[in-house]
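First to last, the sequence lines map onto chains S and C.
Heads up, the first sequence is in the working numbering, so the first residue is 1 and it goes up one at a time.
Heads up, the second sequence is in the working numbering, so the first residue is 1001 and it goes up one at a time.
Structure record follows, encoded as structure tokens.
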Amino acid sequence: MIKFTNVFKAYPKGGLALKDVSFHIAKGEFAFLTGHSGAGKSTVLRLVYAEERPSSGEVRVSGYHVGEMRPRDIPKLRRRLGIVFQDFRLLEDRTAEENVAFALEVTGARRSSIGARVMRVLTQVGLAAKAQAYPKELSGGEQQRVAIARALVNEPTVLLADEPTGNLDERATRGVFQLLRDINASGTAVVMATHDLDLVRQAPYRVIELQEGAVVYDSAVDETRGQAAAP
Amino acid sequence: MNLALREAFLAFRRAPLLSALSVTTIAFSLFVIGLFGLVAVNLQQVLNQLAERVEIVAYLLPGTPAENSTLAIKDIEAFPEVERATYVSEDEALVRARNELAEFRDVLRELERNPLPASIEVKLKPAFRDADHVNAVAERLRGFGFVDDVRYGRDWVEKLDRLRQIAAAVGLAVGGAFAAVAIIIIGTTIRMAVLQRSREIAIMRLVGATDWFIRFPFLLQGAIKGLLGGGIAVALSYGAYLLVTKFLLQGAFFTLQEAAAIVAFGTLIGLLGSASSVGRHLRRV
């Protein structure tokens, strides 16, 4: 599904963002990417959605070879991914419904099917009643739910979330996190970058920790190793 | 396609001032081009009327039998450049001279012997009324044994040529300059539109819109602006033409095809301006 093999990423000015990163996230898995800001979490996600290319090493996502893919294949890859950000990235001049529909329109979905699909995901995130509201009329948690609905409407196999609760209060954080867990329970893989360790401890999911661009801990690898080492 | 059209028109509502600015700029640039075009069209007409008079006269040796000249006319009319060749006998030449040179009428009347030679007057097809072709035909006429001398207004034909070239060069330079201005302005407005919508474009990218899908509404928007600008320019030119014909002098306006060409040119400029801008700026968004 998502496989990093000895990935290095250097920026022309900013030095090394990722150092020899390797991991494999399977279909349907939930994985946290943790670490301080600047540790490389966002860079990992940007490589996954092909916003960046690795300087060396191999990044494979959903059958695509990110380092070598043609620019015109990038949209195809992104249609299989749902992406959510800390700052929601909604269009202020469109309603919740229109924001979600936008993601379908720009991928050339049949117009007749858009309305029903949009309402289905808005119901899924619990915002069907606020479909006609504009982003500024919604709370932060609600805006993030709209963003999640937009990410889900194309039925992605992976949902990437970059600090999705970073701008939310505790209650909204719990709600959004629960929503991501529900989405994962229905079969979508979720990769969530966060530095909220309370959240990480709440759930029994895999944790990949980055420090200065390197993986310093991967619960999947380290725990098996730990078990193997145990008598 | 539907969505792209909707997006393109939405741009006019989102940024009415900016859109109006670019349409006006194209309109005025094309208007200036149009004015020069009108001058060119009218100048061309005058030049064509002048060129109408380009004529080559081959004077025949005295005593050339009429059959020879009849055969020669057939040959000459077979030249690809020649529209018509007319035989003018000695007597006809005299009659003409009497009519055209009124002040010498008495002298001409008192002549005992007609001193004027017979001639063949050759008129060229419109496309060949320039110095090179005139020279070439004249040279061939000299080749006939019974042709004594060949005359045509050589200097005059060459001057006509020069005038045409200057008119064309000035038209091209001015047209090119204003077209460039229009392209730059359109490029700038499209660039502003791209920046204004950078957030939207970034989101479109994230959800997997293709490059073409993102680009197309901007191109369409540029083309529509160019189309509108071209239309307004033709209308303005027509207004100017009406004013000039009313108060100054009679002239010609563009033919329907020429007017359509101006509008098409405007559309092309709009398209080029947005294409050059959208590619560069989308990459930065």
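We treat Cβ as the ideally placed atom computed from N, Cα and C, and that holds for glycine.
The Cβ atoms of arginine 1129 (chain C) and alanine 1004 (chain C) do not sit closer than 7 Å to each other. Annotation: isoleucine 74 (chain S) to threonine 157 (chain S) spans about 16 Å, alpha carbon to alpha carbon.
A straight-line Cα-Cα distance of about 31 Å links alanine 189 (chain S) and glycine 14 (chain S). A contact between stretches requires three or more CB pairs, one per stretch, nearer than 8 Å, and the region 1173-1183 of chain C fails this requirement with the region 1241-1250 of chain C. In this structure, the alpha-carbon of valine 1054 (chain C) lies about 25 Å from that of proline 1115 (chain C).
When only Cα atoms are considered, leucine 1021 (chain C) and alanine 103 (chain S) end up about 32 Å apart. Sequence-distant partners of arginine 1215 (chain C) (beyond 5 residues in either direction) whose C-beta falls short of 7 Å from its own C-beta, in its chain, are Val1278 and Leu1282. Exposed is the label assigned to isoleucine 1166 (chain C), since fewer than 16 other Cβ atoms lie within 10 Å of its Cβ.
In terms of beta-carbon proximity, leucine 1010 (chain C) stays away from the interface with chain S, with every pair separated by 7 Å or more.
Here the C-alpha atom of valine 1194 (chain C) lies approximately 12 Å from the C-alpha atom of alanine 1015 (chain C).
Annotation: Cβ neighbours of methionine 1204 (chain C) in chain S (cutoff 7 Å, chain order): Val106.
Listed as beta-bridge partners of tyrosine 64 (chain S) by DSSP are S:Val61.
Note on geometry: alpha-carbon atoms of leucine 91 (chain S) and arginine 79 (chain S) lie some 19 Å from one another. By the criterion of at least three beta-carbon pairs nearer than 8 Å, the region 132-142 of chain S is not in contact with the region 105-122 of chain S. In this chain, the beta strand (DSSP E) harbouring leucine 1124 (chain C) covers 1119-1124.
For leucine 91 (chain S), the closest Cβ of chain C is nearer than 7 Å.
With its beta carbon at least 7 Å from every one in chain C, isoleucine 208 (chain S) lies outside the interface.
Here glycine 1171 (chain C) has Phe1036 and Ala1040 as same chain residues with Cβ atoms under 6 Å from its own Cβ, once five neighbours each way along the sequence are excluded. Within the region 1207-1229 of chain C, Val1207, Gly1208, Ala1209, Thr1210, Asp1211, Trp1212, Phe1213 and Ile1214 place their CB atoms closer than 9 Å to a CB of chain S, listed in sequence order. Each of S:Glu163, S:Met1, S:Thr173 and S:Lys41 was checked against the Cα of leucine 77 (chain S), and the nearest Cα belongs to S:Met1. The Cβ atoms of threonine 1267 (chain C) and glycine 1208 (chain C) do not sit closer than 7 Å to each other. Looking at S:Val84, S:Arg53, S:Ile83 and S:Leu81, the one whose alpha-carbon comes closest to that of methionine 69 (chain S) is S:Arg53. In the displayed model, serine 37 (chain S) falls within coil according to three-state DSSP, outside both helix and strand. At a cut-off of 7 Å between beta carbons, alanine 103 (chain S) contacts chain C. When DSSP states are grouped into helix, strand and coil, threonine 1245 (chain C) belongs to the helix group.
Around the beta carbon of arginine 171 (chain S), fewer than 16 other beta carbons sit within 10 angstroms, so the residue counts as exposed. At a cut-off of 7 Å between C-beta atoms, isoleucine 114 (chain S) does not count as an interface residue with respect to chain C.
Between the region 1078-1090 of chain C and the region 1132-1139 of chain C, the count of Cβ pairs shorter than 8 Å is three or higher; the stretches touch. In the three-state reduction of the DSSP assignment, tyrosine 1238 (chain C) falls in the helix class. Taking the Cβ atoms as the reference, glycine 28 (chain S) lies roughly 5 Å from glycine 187 (chain S), within the contact range of under 8 Å. Just so you know, the alpha carbons of leucine 47 (chain S) and alanine 214 (chain S) end up roughly 15 Å apart.
Of the residues S:Val7, S:Ser219 and S:Tyr49, the one whose Cα lies closest to the Cα of alanine 151 (chain S) is S:Tyr49. For the options S:Ala128, S:Val191 and S:Gly63, the alpha carbon positioned closest to that of alanine 116 (chain S) is the one of S:Ala128.
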